[in-house]
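Trainee: Below you'll find the structure I mean.
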Amino acid sequence: MWRTLKTICLTLWQVKEAYLEFTKSFSSQVLLLTIFAVILQQIERQDTRWDHWFIAIAVPFGLFFLYAYLANIALFYKNARQTLHRAARAEIRRLCQQNRYAEARMHLRHIRNKHYLIAPLIILTLITLGSLVILVLAYQASLSLYQNLQTATHHA
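Taking the working numbering, the leading residue of the sequence shown gets 265, the next gets one more, and so forth.
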């Protein structure tokens, strides 16, 4: 019981550490999203004769952002899965060094049945939910920053 709880806590700690690393590399995506949001905001304010030019500029930024977002999620998922795999191998190695082969075999079967099926789905869900929250906050921040800059330039 204690070992299972310890394994779960270590896995969650590693997910948290990897997620913090994931958010560090998010600044380039926020920049792309900001440019995309500013262009979309500009489309709403301008007359229709320039809209097709703004859309032509906005679409590549939106596609670059989507690509960077999905690539970042894939990289984080791969790193989290490797960390989980290393932790499982270390536990099995420890059991084998203590000559507890039957318990190691049961642990390996348990890992294959549970961790490799359930843990990646949990990790992917955490990544997606956290990323969506960051995206919404970044989009709102970029729009409010742009609107504040627009009002400041109109007043000046």
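All C-beta atoms in this analysis are idealised placements derived from N, C-alpha and C, irrespective of residue type, glycine included.
Treat the numbers as computed from the prediction; the structure is a model and nothing was measured.
#1: Determine the extent of the alpha helix (DSSP H) in which R373 is found, giving its start and end residues.
#2: Are the CB atoms of L359 and A368 nearer to each other than 8 Å?
#3: Taking the alpha-carbon positions, what's the A332 to Y410 distance?
#4: Cutting at 7 Å between CB atoms, please list the residues of its own chain near L388, excluding the five before and the five after it.
#5: If you draw a straight line from the C-alpha of Q414 to the C-alpha of K270, how long is it?
#6: Rounded to the nearest angstrom, what separates R373 and I356 at their Cα positions?
Mentor: In short, the structure shows the following:
#1: Element bounds for R373: 365–374.
#2: In this structure, L359 sits near A368, with a CB-CB distance shorter than 8 Å.
#3: A straight line joining the alpha-carbon of A332 with that of Y410 spans about 22 Å.
#4: Hits under 7 Å: Y341.
#5: Near 53 Å, if we compare the C-alpha coordinates of K270 and Q414.
#6: Our two residues, R373 and I356, have alpha carbons roughly 11 Å apart in a direct line.
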